[in-house]
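I have placed the structure first, in the form of structure tokens, so that the comments after it can refer back to it.
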Amino acid sequence: MYIATLLCNPATPCLDPALVDSLRNAWGGGEAIWLAPEIAAEFPLEARPDNQWKVWEDLQALGVDLVVQPAANRRKKMLLADMDSTMIEQECIDELAEEAGVGARVKDITARAMNGELDFDGALTERVALLNDLPEAVIGQVLDTRITLMPGGPALLATMKAEGAYAALVSGGFTAFTTRIAAELGFDENRANTLLVADGKLTGKPGLPILGREAKVEALEQITTKLSISEADVIAVGDGANDLGMLLRAGSGVALHAKPSVAAQCEIRINHGDLTALLYIQGYARADFKG
Numbered sequence: 339m340y341i342a343t344l345l346c347n348p349a350t351p352c353l354d355p356a357l358v359d360s361l362r363n364a365w366g367g368g369e370a371i372w373l374a375p376e377i378a379a380e381f382p383l384e385a386r387p388d389n390q391w392k393v394w395e396d397l398q399a400l401g402v403d404l405v406v407q408p409a410a411n412r413r414k415k416m417l418l419a420d421m422d423s424t425m426i427e428q429e430c431i432d433e434l435a436e437e438a439g440v441g442a443r444v445k446d447i448t449a450r451a452m453n454g455e456l457d458f459d460g461a462l463t464e465r466v467a468l469l470n471d472l473p474e475a476v477i478g479q480v481l482d483t484r485i486t487l488m489p490g491g492p493a494l495l496a497t498m499k500a501e502g503a504y505a506a507l508v509s510g511g512f513t514a515f516t517t518r519i520a521a522e523l524g525f526d527e528n529r530a531n532t533l534l535v536a537d538g539k540l541t542g543k544p545g546l547p548i549l550g551r552e553a554k555v556e557a558l559e560q561i562t563t564k565l566s567i568s569e570a571d572v573i574a575v576g577d578g579a580n581d582l583g584m585l586l587r588a589g590s591g592v593a594l595h596a597k598p599s600v601a602a603q604c605e606i607r608i609n610h611g612d613l614t615a616l617l618y619i620q621g622y623a624r625a626d627f628k629g
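Under the working numbering, the residue at position 121 of the sequence shown is numbered 459, and the numbers go up by one with no gaps.
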């Protein structure tokens with residue numbers, strides 16, 4: 339048994355009941371359940387449709403995301419999340435680079451690294467080097483003035499935590515950012531790289547070893563072992579090439595507003611919805627949301 343979920347951006351509700359009914363009839367689905375009026379609906383299916391991705395492409399043009407997944411075990415016991423452009427709307431290193439006057443150069447490297455065009459470790463080292471001599475105090479300024487939470491994040495964390503789920507923030511960014519974001523959103527733990535500091539200024543070097551793609555997979559393995567749950571009990575979310583390892587291993591791997599090369603490898607692709615999409619695809623209704 340499968341579940342088809344249709345959803346859109348909650349800020350601009352556009353999910354038409356006629357569209358849901360039309361697809362349900364075309365696919366021979368069961369009764370539709372509305373999780374949120376004009377925002378999210380789902381219906382059961384006996385089998386995965388052969389034309390799933392053709393329909394997905396057509397719905398993208400309408401501002402609607404479509405997810406088809408097994409009905410069993412879709413409500414997860416753990417959230418494993420990337421931070422930059424996932425739990426926050428920015429790339430923290432890009433924002434630091436703006437303050438250092440090297441924003442354009444660093445943003446180009448970041449974009450290529452997240453699209454899988456560059457080696458992550460080398461790209462991180464190169465970008466951090468460009469931040470040499472930036473005052474450490476700038477980190478706090480960036481957090482206060484440049485960093486904003488991705489819409490839906492507080493509800494995602496509050497709702498899953500209320501249901502007993504464990505939440506881990508794993509980032510190729512820096513602990514100077516993940517520590518605050520994790521505390522603000524209610525993550526149980528966070529893992530990230532460190533920026534080395536001397537005499538109140540960044541040295542232009544990251545702490546070693548660098549946490550990249552494999553570190554996120556290791557977090558998945560280590561935390562599920564610690565919790566005595568399986569990787570199938572995890573919903574992971576990210577947008578970049580360094581997230582692919584955990585996205586492909588987790589029970590539900592969500593490519594959220596992801597780079598095309600990343601989304602193409604994932605079964606769950608959210609391009610229009612916000613982070614509450616992760617609740618809807620687990621079967622939570624808007625009335626179930628906490629926070």
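Each residue gets a CB set at the ideal place from its N, CA and C atoms; glycine is no exception.
Pair within 9 Å by beta-carbon distance, residue i and residue j
i: Gln407; j: Asn609; result: no
i: Val572; j: Leu613; result: no
i: Leu345; j: Leu383; result: no
i: Leu487; j: Ile426; result: yes
i: Ala557; j: Glu569; result: no
i: Gly611; j: Asn411; result: no
i: Ala419; j: Phe525; result: yes
i: Ala520; j: Asn531; result: no
i: Glu437; j: Leu472; result: yes
i: Ser590; j: Ile606; result: yes
i: Ser599; j: Gly401; result: no
i: Ala493; j: Gly629; result: yes
i: Ala602; j: Asp403; result: no
i: Arg551; j: Ala506; result: no
8 Å contact criterion, which residue i and residue j should meet: CB distance rounded
i: Phe515; j: Met452; result: That belief does not hold up - the Cβ atoms of Phe515 and Met452 are roughly 16 Å apart, past 8 Å.
i: Val385; j: Val358; result: It should be pointed out that residue 385 corresponds to Ala in this sequence rather than to Val. Between Val358 and Ala385 the Cβ distance is about 19 Å, and since that is not below 8 Å, they are no contact.
i: Lys539; j: Val508; result: The pair is not a contact, with the Cβ atoms about 27 Å apart (cut-off 8 Å).
i: Lys543; j: Val592; result: Between Val592 and Lys543 the Cβ distance is about 33 Å, and since that is not below 8 Å, they are no contact.
i: Leu533; j: Val476; result: The pair is not a contact, with the Cβ atoms about 11 Å apart (cut-off 8 Å).
i: Val577; j: His595; result: Per the sequence presented here, residue 577 reads as Asp, with Val not at that position. With 8 Å as the limit, Asp577 and His595 qualify as a contact, their Cβ atoms being about 6 Å apart.
Identity of the residues DSSP links to residue i by a beta bridge
i: Met380; result: This sequence places Glu at residue 380; Met is not what is there. Partner(s): Thr343, Ile371.
i: Asp403; result: Leu345
i: Pro544; result: Leu533
i: Met416; result: Tyr504, Val572
Chain C within 9 Å of residue i, Cβ atoms only
i: Leu533; result: In summary, chain C is missing from the structure at hand, where a single protein chain is found.
**Item:** Stretch pair the stretch 387-407 + the stretch 440-454: three plus CB contacts closer than 8 Å
**Value:** no
**Request:** Take every Cβ of the stretch 559-566, pair it with every Cβ of the stretch 469-487, and state whether three or more of those distances are shorter than 8 Å.
**Result:** no
**Asked** What are the uninterrupted segments assigned as beta strand (DSSP E) that are 3 or more residues long and contained completely in the stretch 490-531, given in chain order?
**Response** 504-512, 527-531
**Item:** Secondary structure, alpha helix (DSSP H): runs of 4+ residues fully inside the stretch 570-613
**Value:** 582-587, 598-601
**Asked** Of all the alpha helix (DSSP H) runs that stay within the bounds of the stretch 445-480, which reach a length of 4 or more residues?
**Response** 458-467
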